[in-house]
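Per this note's numbering: the sequence shown = residues 940 to 1170. The structure appears right after this line, and notes come after that.
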Amino acid sequence: MGMAATLYASVGHGGASAYLAIMALAGIAPETMRPTALALNLVVSAIAFANYARAGHFDWRLFVTVAIPAIPLAFIGGMAQLPDQLYRPVVGAILLFAAIQFAWKPNRATRQPPRPAILAGSGGALGLLAGLTGTGGGIFLSPLLLSTGWAKPRTTAAVAAAFIFVNSLAGLAGNLSALGELPQGLGWLALAVGAGGLVGSRLGAVVVSRTILMRSLALVLVIAGGKLLLT
């Protein structure tokens, strides 16, 4: 899980989709997987946000506009159980399509974001999807911001990290309201992903080029999309 956290944190993500895939392969019970993934998301996304924000890439206005409507809907989504057959094929295909676009054309022009109402509506929809899927929503927000040109890659990573944190917190709260307690043994997993998050987010925020960052995101989306389609 530490290696997954390194890769995901390099693009401002928490790694929930990878943690879910790893736990599925390990045969962990589904009711344990989602709160575990969300809790680990909190650790990695907080570290990624700190590194990207410290490097000057965070856009508060963009974050607030998408996050405020997302938080309550992520909580609602965390309480609900969406049948796998309704979202896995569609979302997985969308993520794979986005991955191909970012790998093929990593240098994209940016333009002014749309009206706040459009951003807010997008944020609310992504928050609900984040809660339903047990992720922080970054695997959906990053493709949206980058494919539309609404934010630069590193700004996208910074905003996505903060978005993932607040949605993971809301989704976990909603999930715990139904389950009542956190899974056992989170401490060692949190240390592993925290170490990976420190390395990955530092590389993404300061060291790697725009092209490498976009192709790293493409790889993350391939992993996430493949996990949704194959598990």
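Beta carbons are placed, not taken as given, at the ideal position from N, Cα and C, and that holds for glycine.
With distances taken Cα to Cα, identify the nearest neighbour of residue i among the options.
i	options	result
threonine 1004	Phe1014, Leu1058 and Arg973	Leu1058
alanine 985	Gly951, Ser1081 and Gly1164	Gly951
glycine 1110	Gly1143, Gly1136, Leu1080 and Gly1076	Gly1076
leucine 1067	Phe1014, Thr971, Gly1165 and Ala1100	Phe1014
leucine 1190	Gly1124, Pro1082, Leu1168 and Thr1087	As displayed, the chain neither begins before 940 nor continues past 1170, which places residue 1190 out of reach and without an answer.
threonine 1072	Phe988, Arg1141, Ala960 and Tyr947	Ala960
glycine 954	Glu970, Thr971 and Ala978	Ala978
glycine 1063	Gly1031, Ala1032, Asn1106 and Ile1039	Asn1106
leucine 1065	Gly1031, Leu1108 and Ala1009	Ala1009
alanine 987	Phe1104, Leu1108, Leu1125 and Leu1168	Phe1104
isoleucine 1007	Phe1102, Thr1150 and Pro974	Phe1102
threonine 975	Trp999, Lys1166 and Gln1123	Gln1123
aspartate 998	Ala1056, Arg1054, Ala1099 and Thr1087	Ala1099
Keeping to the same chain, check which residues put their C-beta closer than 6 Å to that of residue i; ignore five residues upstream and five downstream.
i	result
leucine 1084	Ala1090 and Thr1095
Do the CB positions of residue i and residue j come within less than 8 Å of each other?
i	j	result
valine 1161	methionine 940	no
alanine 1144	arginine 1093	yes
Taking 7 Å as the cut-off, is the CB of residue i close to at least one heavy atom of the ligand HEM?
i	result
phenylalanine 1102	Of the ligands one can find in the structure shown there are none, so the ligand HEM has no counterpart to examine.
Less than 8 Å between the CB atoms is what I'm expecting for residue i and residue j, so what's the real figure, rounded?
i	j	result
glycine 1164	leucine 946	Their Cβ separation, rounded to whole angstroms, is 15 Å, which puts glycine 1164 and leucine 946 out of contact at 8 Å.
glycine 966	leucine 1168	No, glycine 966 and leucine 1168 are not in contact; Cβ-Cβ is about 20 Å, not under 8 Å.
Looking only at its chain, what residues have a beta carbon closer than 7 Å to the beta carbon of residue i, apart from the 5 residues adjacent to it on each side?
i	result
alanine 957	Ala943, Tyr947 and Ile1162
valine 982	Ala1129, Val1132, Gly1133 and Gly1136
alanine 992	Ala1097
Closer than 8 Å by C-beta to residue i: which residues in its own chain qualify, once you throw out the five before and the five after it? Chain order, please.
i	result
tryptophan 1127	none
In chain order, what are the residue ranges of uninterrupted alpha helix (DSSP H) at least 4 long that sit wholly in the region 948-972? If one requires a minimum length of 4 residues, the alpha helix (DSSP H) runs lying completely within the region 948-972 are 955-964, in chain order.
Which runs of the alpha helix (DSSP H), 4 residues or longer, sit entirely within the region 1065-1103? As far as the region 1065-1103 is concerned, its whole alpha helix (DSSP H) runs of at least 4 residues are 1077-1087.
Segments of 3+ residues assigned as beta strand (DSSP E) that fall wholly inside the region 1131-1165: None, since the region 1131-1165 contains no complete beta strand (DSSP E) of that length.
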